[in-house]
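Taking the numbering used here, the leading residue of the sequence shown gets 104, the next gets one more, and so forth.
Idealized CB from N, CA, C, for every residue including glycine.
This one's a predicted model, so the numbers in the text were calculated from it and none came from an experiment.
See structure below.
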Amino acid sequence: MASKGRVITIGTFDGVHIGHQKILNRLVTISDKKDFEPTVLTFFPHPRMVLQKDTNIKLINTIDEKTILMKSFGVQNLVVKKFSKQFSRLTAVDFVRDILVNELNIKHIIVGYDHRFGRNRTANIEDLKSFGDTFDFTVEEITAQDINDVTVSSTKIRNALLEGDIKTANSYLGYNFMITGTVVSGKGLGKTLNYPTANIKIKEDYKLIPKQGVYVVKSEINNKPVFGMMNIGMNPTVEGTKQSVEIHFFNFDDNIYDQTLKVELLERIRDEQKFESLEALKSQLKKDEQTSKEFIKYHVE
């Protein structure tokens, strides 16, 4: 059991978007006031992956990304419970007593007005308040108006990313959507075109990859911001057979093989195309570089 009492909120928090951030700000404020530990209880895999046939759901954040984001909003404690069919069959009283009270030492909980929990999601906020009386914790309800004030949802963000609408996704997230992966060696085609690329391997197969195309991106390498352009796609000009994520960084030639990079997506500039020759592709890459640098000049620097 946590020695210090906790203020807890519960949810999948995929995206940790501006709607979620309102809840996290409240969590941190209450924790500071009462000298408790702000804690988010989340579940992985996503319940929809386990309980529905919708196993193809892709998530905006990996667990590592979510942990970093939570810390940036002042929440040091992200408790990840493994979600399984067996876990889903826990009764409401077992969940509250065994996990919230005995394991996490809950003192206060912040949940939405429509929060449901326990086996078959049969328990509601009134049941939670009743458990609070029994186990000595208080319940704070986020009203419908508070939640509806922010017309943002993880689903809307996922859809925007799948459509390549990075501007809308980033505005809903309140930060730049990111991809995190390891730099691996590719086929070396970029080098022959004078556009060497870092090939990014993303280990989490559940991570949502946005619509194929060319994006302006930013990364931090050796504590310095580095900008570039990224292609997500199949490399149709050279008859590619599987999707790759490749970045050409501007004014940068360090060896970064095997490094883990966090790449922020700033803008999408075009669809992926098949060119009739490598010369035509090279000519387009020059235009892409110019477009990207203009975007950076007027929107970032």
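The beta-bridge partner set that DSSP reports for Phe330 consists of Lys321. For the 8 angstroms CB-CB criterion, Val319 and Asn302 do not form a contact. For Thr142, there is no enclosing alpha helix (DSSP H); the enclosing beta strand (DSSP E) covers residues 140 to 147. Apart from the 5 residues on each side of it in sequence, Arg192 sits with its Cβ closer than 6 angstroms to the Cβ of Arg222 in its chain, given in chain order. Closest by C-alpha distance to Ser257, out of Phe280, Asp391, Val329, is Phe280. Around Arg109, the same chain offers Phe139, Glu140, Thr142, Leu207, Asn208, Ile209, Lys210 as residues with beta carbons nearer than 7 angstroms, after the five sequence neighbours per side are excluded. Ranking Gln179, Gly118, Val183 by CA distance to the CA of Asn164 puts Gly118 first.
Across the structure, Phe238 and Ala263 are spaced so that their CA atoms are roughly 42 angstroms apart.
If you draw a straight line from the Cα of Arg373 to the Cα of Gln387, it comes to about 11 angstroms.
In the three-state scheme derived from DSSP, where H, G and I count as helix and E and B as strand, His402 is classed as helix. Residue environment for Gly291: exposed (fewer than 16 other C-beta atoms within 10 angstroms of its C-beta). According to the DSSP secondary-structure assignment, Leu364 is paired through a beta bridge with Gly284.
Apart from the 5 residues on each side of it in sequence, Thr145 sits with its Cβ closer than 8 angstroms to the Cβ of Ile113, Gly114, Thr115, Phe116, Lys169, Leu181, Val182, Val183, Lys184 in its chain, given in chain order. Here Gln124 is buried, its C-beta having at least 16 other C-beta atoms within 10 Å.
If you check the CB distance, Ile269 and Glu370 come in under 8 angstroms. Here Leu364 is not near Ser395, since their CB atoms are 8 angstroms or more apart. The alpha-carbon of Ile202 is positioned some 11 angstroms away from that of Thr194.
Distance between Met332 and Asn159, taken at the CA atoms: about 28 angstroms.
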